[in-house]
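Numbering that gives the first Met the number 0 puts the first residue of the sequence shown at 0, with every later residue one more than the last.
Step one of this worksheet: look at the structure below.
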Amino acid sequence: MRTQKQESNKITVYLNNRLQNQQNSLYFTNEIRTSKYTWWNFAPKSLILQFMRAANLYFLSATIVQCINIISPLSPFSAIGPLVLVLCVSLSREAIEDYKRHRNDDIVNDQICYVFNNKNFVSIKWKDIQIGDIIKINNGQIIPSDILLITSSDENGIAFVETSNLDGENNLKSKYSLEQINKFGREYPLIDFKGHLVCEKPNNRVHNFKGIIYIDENQSHPLILNNNNILLSGCTLKNTEWVVGMVVYSGMNTKIMQNQGQVKQKVTDVEKILNNIIIITFIIQTILCLISSILSVNHYYLYYESSNDQKYILFDPEVQGILIYFTYFLLLNSLIPISLIISLEVVKVIQATTIEFDSEMVYYNEGIKYPIKVINTLIHEDLGKIEYIFTDKTGTLTCNNMIFKYAIIGRNEHSDSELKSLFSKIDESDQFHNGEEYKEFYDFWLCIILCHDVVVEEKQEKIQFQGSSPDEVCLVEAAAKYNFKFLKRTSNQIFIKVGGEVLTYKLLQKIDFTSERKRMSIIIQGINDDKIIIYTKGADSFLMQNLSNFTSQEQIQIVQQSLQKYSQKGLRTLCLGKKEIPQKVYEDWLQQYNRSIFFVITKIKKQQKLENQIENGFELLGATAVEDKLQDGVPQTLQKLHQANIKVWMLTGDKLETSENIGYLCNLLTKQTKVFKIQIENTSQIKLNNQMKDIETDQKILNSKKPSKNYRKFAIIIQGDAISFIFSNQNSKQEFLNLIQECHTVICCRSTPTQKALIVKFIKINLRKTVLAIGDGGNDVNMIQEADIGVGIIGKEGNQAALSSDYYFGQFRFLQRLLFVHGRWNLLRTSYFLNYFIFKNIVFTLQQFFFGFYSGFSGQTFWEDGYLLNFNSIITAIAPVYFASFEQDVNSYESEHIQGLLPKLYKRQKTKKAFSYKTFLVWFSMGVVLSVFTFFFVLYSYQNFSININGKNDGIWQLSISCFFCTVGVVWAVNFLDTKYWTPLTFIAYILGTVVLFFPSFAYVWDQFEGPLYCFFIKEQQLIICKKRVDYNAIYSLVLNLRIGFKQGKTTQENKKIKVQ
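This is the structure in structure tokens:
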């Protein structure tokens, strides 16, 4: 794919100049392509991708060898058929999926847009748009490219967009044109919009844009651009009649397409073990082939070297041994069946469908249905072995529905009801902001209605506030109740209404909130006032460290005490500050700040330093406290997760006290939990060894006969600054690793998105545990993608977390059912399926090896081609697939008592390791034993009791088909006996879909030979067939008794374990 020409980390776009942009750019069209293939490269590319899988390459090699007549005793079709079937299914799926992508691409690329041709706007297709073009978008239309907003139907150049296609957020966002640019298309014709724009190279940062535009080619007066001036592709224009903009990024370079990167492939522990077991099985196959080759050569020297039959020997013994190796490589090829791959894929799809159709995991909110959705169908079994869960707090454990509770204004604390009473006494005509009595109130609420990103939207003649932050919306709504009303915002002005007076402020600069900065600041100037003021709101950890030296210590103490009290109640808090900036200081700072933006990336640290420089020396206005209640069922869910021996960590950006209180409210912490706090207070060192000693001391007390404290668990609450220090030092990381293994839970407060991902990765790699991360916002995406399993919650912060996850649903409480029911079931199902698949092929394939002792290891096949082809693909395929899709060892709907036992069952299941090298050895051994019994008992019965109608013993094919019949019966019996959940659908799958389909094919082939079934229809041979029935019944009796005895002993042991627990 061609990309825009890049100089270092900047690109240049010429305004409304296609020819110049084409000369300056290698990719200038707006065509997008999400498809993987074209019509001419589909076959070679898709086949190469298929054969990059080791299993398919193995089967291809076996197929090629089987086509060599001198080596293969089998029909090439028995190898070519299954391989072609698997490839056809895989390629068909690829083709269908890619065809859908092509159709979707065509739908997008063929949409109509209006482009300025230096005279008027003409319609063209989206794919024909080029960078630098001036385009027009009408209300309700989707933005086709990333465009610079030139002007809009609003006289101030304001436009509103919905970004749900981009980040999942449904609230409106305001964009605005710079005052100098907004004149084009109004005062000046668009044809005069000339110059060039310099910006950062295409990237996937949807909330970040930095650039500079030179309109009149005057290099000394550039205009600074930011994300508020850009309308991104995929957004929908709302509440704005039309906008005109210039294309900055087009096609595959737009931010929405830059975010279509490859998701990291997640591989389950079961799949890793399976890959190793396949390698082990291949080694076993190789050893058997070598033994066969050696015994074949030995057989030659024993029987042919001195006999007259050497004329039938075509090759020297050594050459014959090599050929026999490859012959048995084919004959024993079913040890690793090709049907395993396709059957496993079918199982995973059915399991995903079963999860999505679970009515117990559907959330209804305001009449909208939110069912669970499965994004990744390959990792279901890992849900059954989770050791650590990392959860966000706001919107994940809580409702993210903010309710205003308290405000600290100056030195006084006010509840919501007190503020209502206070403001009801103030007449709207009273200009109280001019009076000294209400100055603190005025500055406090002015900060709230000026410093935010909330947008005003009119719906059915009602004004509603919308914003990406529920905290901001809550505070602006609260201010409106107290007659401090936000009206609108333009590129350079903010309009508010205080009491009955409309006020206008110049918007000089806005420094946006980020999770790392933990604050937002805005610099304004009154229309009739030369004072320049910066307002800020953010975390107390920032503001308290950046107050003016003239701030009263009494006020600081009052605010800190109130904040601590609010935190203990689990409330979310923000601190507000204000500072007046001298004109000269601001002009000097602005000049340096604009210069730092010009260098886009290379001066990012300089830009951050300048932001810190201006955000300093604040006057403390006060603080706010809002309540965010826990979701339904959160404490009960966390309690059950702990019962299942799952360690839950809470990673949040809230302050320590708030995090601790929420920990107690949601049962992460209890009165029996010894809590250790790790903080950094104006120091660069942290001593984790002291924490370890404290834990060791408490453990000794707990293990003593008379403990002095009733502590049963240990927990750590650690701040983000301490986390940064720990991960910067290898010794500290090791100390921290030793410490957390003793802890029941860990709460990380003041943590950034990057720290969240680092913590998840740290636990996953160093403890080698299966970890799950769950969150609802864009700041949780990193940890969700880093975890073995990522779970998203559809919340008020948009769908970013959900779209980046493996599973998503509407409420945290559904997590327990996902793990304890579906996770546990799917781990049991998939583990049994893989064990059983290995087992049945051991039983089936080893009989070919045993037959070699009676055929001189000549390479004679023991199985008829049709049976060899259909054993795994048809005859023994339906029952195990059904088992792996629908089997249930306990009915989760049966009673509350059973539901209460699910955490304990989950805990026990994790320790059992249903699929491991040990279980492989058990099933392998059982397969060897049953293969020996089946082959040699049937062989014994034929050698002693089998006489056909000619009075002779039956031959190889009668023996082969009898062994095949017994083998199918044995593997069926094992599968049927292990099934606990019997329903009408089970009967259809096992009896009609398995047994009934088997007998017609079996009888057809059998009828070609003179054997027991043939004799059954001859009345004079009744005595013979009855005698043989006794032999077969003896075999089945022995096999079933062995299996039942094995199950009974196993069940007895498990029952003992349950009683002990």
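Ideal Cβ placement from N, Cα and C applies to all residues, glycine included.
Keep in mind that this is a model prediction, so the values were computed, not measured.
Excluding five sequence positions before and after arginine 823, the CB atoms of its chain that fall closer than 7 Å to its own CB belong to Gly383, Leu904, Tyr905 and Gln908, given in chain order. Taking 8 Å as the cut-off, the Cβ atoms of lysine 755 and asparagine 781 count as close. Here DSSP, grouped into helix, strand and coil, assigns threonine 150 to strand.
According to the DSSP assignment, glutamate 412 belongs to no alpha helix (DSSP H) but to the beta strand (DSSP E) extending over 411 to 414. Residue nearest to tyrosine 248 within the set Asn203, Tyr98 and Lys271 is Asn203 (criterion: CA-CA distance). Taking 8 Å as the cut-off, the beta carbon of leucine 818 is found no closer than this to the beta carbon of tyrosine 806. Excluding the 5 residues flanking it on each side, isoleucine 130 has same chain C-beta neighbours closer than 6 Å at Val12, Asn20, Phe27, Val246 and Ser249, in chain order. Here the alpha carbons of asparagine 207 and glycine 774 stand approximately 22 Å from one another. Annotation: the segment 644 to 669 contains the following complete segments of the beta strand (DSSP E) (minimum length 3 residues), in chain order: 646 to 650. Spatial neighbours of isoleucine 758 in its own chain (CB-CB distance under 8 Å, excluding positions within 5 residues in sequence) are listed in chain order as Phe389, Trp648, Leu650, Ile722, Cys747, Ser750 and Met782. At the C-beta level, tyrosine 324 and leucine 294 stay beyond 8 Å of one another. DSSP places valine 880 inside the alpha helix (DSSP H), whose first and last residues are 877 to 885.
Three or more beta-carbon pairs separated by less than 8 Å link the segment 613 to 631 to the segment 407 to 415, which places the two stretches in contact. The Cβ-Cβ distance between threonine 636 and leucine 814 falls below 8 Å. For the options Pro370, Glu199 and Phe159, the alpha carbon positioned closest to that of glycine 791 is the one of Pro370.
Classified as exposed, asparagine 117 has fewer than 16 neighbouring CB atoms from the shown chains inside 10 Å of its CB. Between the C-alpha atoms of lysine 564 and glutamate 412 there is a straight-line separation of about 12 Å. Put simply, the backbone Cα of leucine 330 is about 35 Å away from that of aspartate 381.
When C-alpha distances from valine 345 are compared across Met251, Val633 and His379, the shortest belongs to His379.
Within the same chain, Ile407 and Glu412 come within 6 Å of serine 561 by CB-CB distance, once the 5 residues on both sides are set aside. In the three-state DSSP reduction, cysteine 962 falls in the helix class (H, G or I). Distance from the CA of isoleucine 522 to the CA of glycine 210, rounded to the nearest whole angstrom, comes to 20 Å. Within its own chain, the residues whose Cβ lies closer than 8 Å to the Cβ of aspartate 529, once the five positions on either side in sequence are excluded, are Gln582, listed in chain order. Non-local beta-carbon contacts of asparagine 258 in its own chain, meaning distances under 6 Å to residues more than five positions away in sequence, involve Asn203 in chain order. By the criterion of a C-beta distance shorter than 6 Å, asparagine 593 is surrounded in its chain by Ile223, once the five residues flanking it on both sides are discounted. Ranked by Cα distance from lysine 979, the options Glu240, Phe934, Gln887 and Glu586 are led by Gln887. In this structure, DSSP gives arginine 516 a state outside helix and strand, which the three-state scheme calls coil. About 21 Å separates the beta carbons of methionine 519 and threonine 503, which is beyond the 8 Å limit, so they are not a contact pair.
By the neighbour-count definition (other C-beta atoms within 10 Å, threshold 16), aspartate 631 is an exposed residue. For the pair isoleucine 447 and threonine 672, the Cα-to-Cα distance works out to about 39 Å. Glycine 537 and lysine 517 do touch by the CB rule: their CB atoms are close to 5 Å apart, below 8 Å. Out of Cys112, Asn275 and Asn615, the CA that lies nearest to the CA of asparagine 545 is found in Asn615.
With a cutoff of 8 Å on beta-carbon distance, isoleucine 837 and tryptophan 922 are scored as near each other. The straight-line gap separating the alpha-carbon atoms of cysteine 398 and glycine 992 is approximately 48 Å. Residue burial is scored here from C-beta neighbours: phenylalanine 356 has fewer than 16 other C-beta atoms within 10 angstroms and is therefore classed as exposed. Under DSSP, aspartate 145 takes part in a beta bridge, and its partners are Tyr248.
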